[in-house]
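Sequence order for the protein chains is R and G. Counting in the working numbering, the first sequence runs from 253 upward without gaps. Counting in the working numbering, the second sequence runs from -13 upward without gaps. This report concerns only the one structure given below.
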Amino acid sequence: MTTAPAPRPGGPLLLGIRHHGPGSARAVRAALDAAAPKVVLIEGPPEGDALLALAADEAMRPPVALLAHAVDDPGRAAFWPLAAFSPEWIAIRWALAHGVPARFIDLPAAHSLALAQQDEAQQDEAQQDGAREDQAGEDRAREGGAGERDAPSAPEAPHGPEGAALRVDPLAVLAEAAGYDDPERWWEDAVEHRSPGAEADPFAPFEGVAEAMGALREEYGDGGRTRDRVREAHMRLQLRAARREFKEYGDEAVAVVCGAWHVPALREKTTVTADRALIKGVPKLKADITWVPWTHRRLARHSGYGAGIDSPGWYGHLFDAPDRPVERWLTKVAGLLREEDRPVSSAHVIEAVRLAETLATVRGRPLAGLTETVDAVRAVMCEGSDVPLALIRDRLIVGDVLGEVPDTAPAVPLQRDLTRLQRSLRLTPQAMEREVDLDLRKENDAAKSALLHRLRLLGVGWGEPAAGRSGTGTFRETWRLCWEPELSVRVAEAGVWGTTVLSAATANAESRARAATTLAEVTELAERCLPAGLPDALPAVLRALADRAALDADVGRLAGALPALARSLRYGDVRSTDTGALGDVATGLVERICVGLPPACAGLDADGAAEMRRHVDHVHTAVGLLTDGRDPGPAERWEAVLRKLAERDTVPGVIRGRAARLLLDDGRLAQDRAARLMGLALSPGTPPPDAAAWIEGFVGGASGGGMLLVHDERLLGLIDTWLTAVAPGSFTDVLPLLRRTFSGYEPGVRRTLGELIRRGGDGGSGSGSGGGAARAGTAAVPGFGPGLDTARADAVMPVLALILGTDEDPGAQRPEAQDRGALVEVTA
Amino acid sequence: MTVPGTTAQQPTESTADALLRPHAEDAFADELTALALADDRQRPVGWRLSPWAVATYLLGGTLPDGTVITPKYVGPRRIVEVAVTTLATDRALLLLGVPGTAKTWVSEHLAAAVSGDSTLLVQGTAGTPEEAIRYGWNYARLLAHGPSRDALVPSPVMRAMSDGMTARVEELTRIPADVQDSLITILSEKTLPVPELGQEVQAVRGFNLIATANDRDRGVNDLSSALRRRFNTVVLPLPATPEAEVGIVSRRVDQLGRALDLPGGPEGIDEIRRVVTVFRELRDGVTTDGRTKLKSPSGALSTAEAISVVTNGLALAAHFGDGVLRPGDVAAGILGAVVRDPAADRVIWQEYVETVVRERDGWKDFYRACREVSA
């Protein structure tokens, strides 16, 4: 210990570190090895002391996080993530391996969580509570550099007497003094890139940093972090206690691993009373703590509870690589690119190493860092393109390392939250399968439904939706519930997403939306988010949806996505969710379909045409749902598209016919115009298979096409005329198509049609050949006889009178009853 | 040079001022001298300046003695650093970018700063022969005296090799593939064999090569992977901000307009801004507010094209309109620039018009004009 040139000779070993700094981690290990302390004190929540032994467990694999949460409100939580290259983790493992007690000395989570709660209460009116969940965790976790932000406090809100005083970023000040524009980079150059061994004295780096921090704190005080005073007071008290306890070994036997920012404060000479006074009166709540698995992605700044480091994968590599980190790293990159089928040779690696090192020299850095290697990889291996670089960033620089936590770790708060919800909703988990009917108009039932939907999103398949009894009603849901033991494991796994069912489901949905690659995936997700009641996840999902829709060039997929959206809208309406944004996205989708559909309909084969016809049907229905009581703009544009489809010759017959039919049904196409279109489609020049396809599109399917023919005999006459004119050779070609078309009709409709045809044939037989005569008959409406059959008409009169109520004649009713069938036929 | 037919006639001092466009090393001779004096860092063998000084020459700065170095390239520092560093390694430098991103400009200034000579240039075309990269023969001499070193006509690349200079190849991808590949030996073995004489020319230290290529029409003559491996690639980006691009476009349009005697006033700036916005949005595939994603058409939509659209619109307005640049004047030009592939691009354009242009405040006229021209 005499080698450590501490300013207070014989004082405790204060190791000021940068959280998650691999260089700091190496230095800490070297310093601990050299000093061999009898107790290691670590900055962290003391509640975690009991769980420290788990760190030595075989099944414990970093990255992991200490998660503290309020017992009665699992949503109030804070995370202390630790990666394999975190100095704190190294210190814990060192202590466990050497049989030395390790202790956390930061302010207990019970206090920091309570302080966060207090702060929020104060700012409630000023700030929306959207980001309330996990705010404490985010803040605490984000403390990046040597200096850190205080744990539980809102990011932007100034508090304390210094109100407007800016928080000082100690690293930025030091970096600026050294002429660096990027503080992270300065720290890397000044501290992280020194490999141990180059320094003869393992304590020297800590001395340098401590001195610099001391100078900074002299100038800036607490740098605007008022809360730090309390924390540091607590740390000092703990340090004193440890020194007393290990008095027989001397002060040197106590090592402290904490953020470099706190080192000067721990050296400060204060009285016990003063420190006690600072801590006194700090609010407290009941907190629980456990280990949860963590991922590299979550350590990265841009996702969730960032830990303030952009490049955990790179740091992990720096820490793991025994030597030549740049060469090893670039070899790893080359390996990844090869896996992705990019030809990368060893020559590429050699050149990249050279470029990175020369770049470092030009930039005046001691060793090539991440920036240099990325530049080199881009120029040498990726041909200047950023696309493969994105892959490298995702897979290597951030990396997808997943931590593991032994089963013996205490239950995650998500499980507690679920238990609480189960109790309050009176939905007890039972192993026996049972069905539950939910009436969504009731508050309790709606909450149950939301819970089940959320759990489903999280992969906890407690309830599966069953086919409802009520059929088409949208306010009823039927669930089949069955709690199996492994679901508890699922809940534990889902614990990485959040501490409450709501926040976990929201985080899960957001992450899925980001990861989704196809439009259908996102629409399905949107459809699931609505019943799950995840308003906070919806913006992310909708954004992903809009993005996918904008980039998807396949109209078929766009059209496939629309019905689900329209359904969601309708569903949202039932649950009085705000679906305005969803409506906008759906309208945007309709616009894109309107633009893309006409060109997409050209040059299709029979199968393609049939599929496109289904799309046209779906979009039509969806547009109807969308424009219900909204801006009629999309409906008008859709109508224009249908018109275009109906009239364009290059469009396959089945789609043309369908478009004409949809327009006719909506009353957007006059009957005679429809007849004209049919006439054009069935004119002699058209190849018979095309014409038959048109007929299928127009009257095919179970959508009431048959009834249309029954009612509009002019159309029937047109078909009849065309069919009788088809040459015998072609007839066999069109027969299967027609059979398919007409076999879809209900038997009653088919029979009526047959009767009509027969009658039409009878009427026409006098004047010419086939059904064409129906048109030829001068006075006759097609399908009707030439004159008026007065006897039959008279027989109808009494019934008509009865229906219209003009003449009371009850006696006349009964004798005419048997004629009603005919009446329906004639008057319909 | 004693060999007739070479283009590297050095301009004499007396003619330098009269030149329409002097070479970079002549135009900025003062700055290069000042940099060389102030530069105390290590210079790679054969270099006139250290890599740091070359980067400063391109990006601008102020020297300790107060000399102001004007910025030659406005863009990310990182790119220039990678480019300069590449020249110091033994890989060649390939500058990629859409037309109008100052590739040639950067390559000229790099060569001027590194070797003090930017004239060792091979212009790539579809008809560039192998002689332009390796060597040719002076046939009169060849017939009179037989094959000898004197009958050889060296290419700029060959001269750069023997003198340890920086050679430049413009539009590398336009050169036929077999001719391109003659660079492979030069770049990997740093030697140029002359089998006719049983000799070779070995590159002197300091030799390197800068090639430029247009990355939108890579397909013209894509580099073989063997050749590509010899290059470090640096992509020169388009202007980073809309303001910068609007500035470039209006300045160029102003210059062009004066040359063509087109009347043009400041009232056109809104239209220029609009053209730049449309181009940027379609190029980037996202609207300026970052809210909506868009499909990108197949055309390059470079700043150079925006300039030509605006110039065109000005000509329309001057000769057939009221002299003021209006939406109708640029709409047709934009359509022409965007829709290169009649099937796919038209859909992209219509989507853009219907989903973005229609909704935007103050773009009603433009929307109408677009509908008119694309109907």
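Glycine included, each C-beta is placed from N, C-alpha and C at the ideal position. Given the structure is predicted, the values throughout are model-derived calculations rather than measurements.
Between the region 563 to 580 of chain R and the region 343 to 352 of chain R there are fewer than three inter-stretch CB-CB distances shorter than 8 angstroms, so the stretches are not counted as touching. In the structure shown, the three-state DSSP call for Gly32/G is coil. For His600/R, the residues of chain G that pass the 8 angstroms Cβ criterion are Arg215, in the order they occur in the chain.
In the three-state reduction of the DSSP assignment, Cys356/G falls in the helix class, which pools H, G and I.
Below 8 angstroms, enough C-beta pairs join the region 734 to 752 of chain R and the region 539 to 548 of chain R to call them touching: three or more. Proximity of Ala317/G to chain R, defined by a Cβ-Cβ separation below 7 angstroms, is not satisfied. Look at Leu224/G: its C-beta is not under 7 angstroms from any C-beta on chain R. The beta carbons of Lys532/R and Ala366/R sit about 14 angstroms from each other, so the pair does not count as a contact at 8 angstroms.
Pro717/R is positioned such that its CB atom lies no closer than 7 angstroms to that of Trp735/R. Check the Cα spacing between Ile258/G and each of Pro223/G, Pro313/G and Gly271/G: the tightest is with Pro313/G.
Close CB contacts of Leu611/R within its chain, under the 8 angstroms cut and outside five residues either way in sequence, are with Ala620, Glu624, Asp627 and Ala628 (chain order).
Collapsing the DSSP output to three states places Ile161/G in coil.
Asn218/G sits buried, since 16 or more C-beta atoms from the chains shown fall within 10 Å of its C-beta. Beta-bridge analysis with DSSP links Trp974/R to no other residue.
Distance from the Cα of Asp689/R is smallest, within the candidate group Ala494/R, Leu733/R and Ala329/R, for Leu733/R. Rounded to the nearest whole angstrom, the CA to CA distance from Arg437/R to Glu459/R is 20 angstroms.
In this structure Thr976/R is exposed. Its beta-carbon is surrounded by fewer than 16 other beta-carbon atoms within 10 angstroms. Trp123/G is bridged by DSSP to Leu138/G. As the crow flies, the alpha-carbon of Arg145/G is around 12 angstroms from that of Leu195/G.
Taking C-beta separations shorter than 7 angstroms and ignoring five residues to either side along the sequence, the partners of Asp315/G in its chain run Gly299, Leu302, Ala303 and Gly307, following chain order. By the neighbour-count criterion, in which a residue is buried when 16 or more other Cβ atoms sit within 10 angstroms of its Cβ, Glu695/R is exposed. Between the beta-carbon of Tyr121/G and that of Ser134/G there is about 13 angstroms, and that puts the pair past the 8 angstroms contact cut.
Note that the region 18 to 35 of chain G touches the region 91 to 106 of chain G; at least 3 beta-carbon pairs, one per stretch, sit closer than 8 angstroms. Under the Cβ distance rule, Thr610/R counts among the residues neighbouring chain G, one pair being separated by less than 7 angstroms.
Taking 7 angstroms as the upper bound on Cβ-Cβ separation, chain R lies near residues Ala74, Thr75, Arg77 and Leu82 of the region 73 to 89 of chain G.
Flagged as an interface residue toward chain R: Pro37/G, by a C-beta distance shorter than 7 angstroms. For Trp749/R, no beta strand (DSSP E) run applies, since DSSP gives it neither H nor E.
Between Leu21/G and Ala39/G, the CB-CB gap stays under 7 angstroms. Put simply, of Leu692/R, Ala430/R, Leu589/R and Leu814/R the residue whose alpha carbon is nearest the alpha carbon of Glu635/R is Leu589/R.
Residue-level contact check: Leu280/G touches chain R, since one or more beta carbons of chain R fall below 7 angstroms from its beta carbon. For Glu116/G, no Cβ of chain R is located within less than 7 angstroms of the residue's own Cβ.
Per DSSP, reduced to three states, the secondary structure at Phe331/R is strand. Residues of chain R with a Cβ closer than 8 angstroms to the Cβ of Arg354/G do not exist, since the nearest Cβ in that chain sits about 16 angstroms away.
When C-beta distances to chain R are compared with 8 angstroms, the residues of the region 323 to 343 of chain G below that value are Ala329, Ala330, Arg332, Val333, Gln336, Glu337, Glu340 and Thr341, in chain order. Annotated three-state conformation of Phe265/G is helix, per DSSP.
Of the candidates Ala4/G, Ala290/G, Arg29/G and Leu18/G, the residue whose Cα lies closest to the Cα of Val614/R is Arg29/G.
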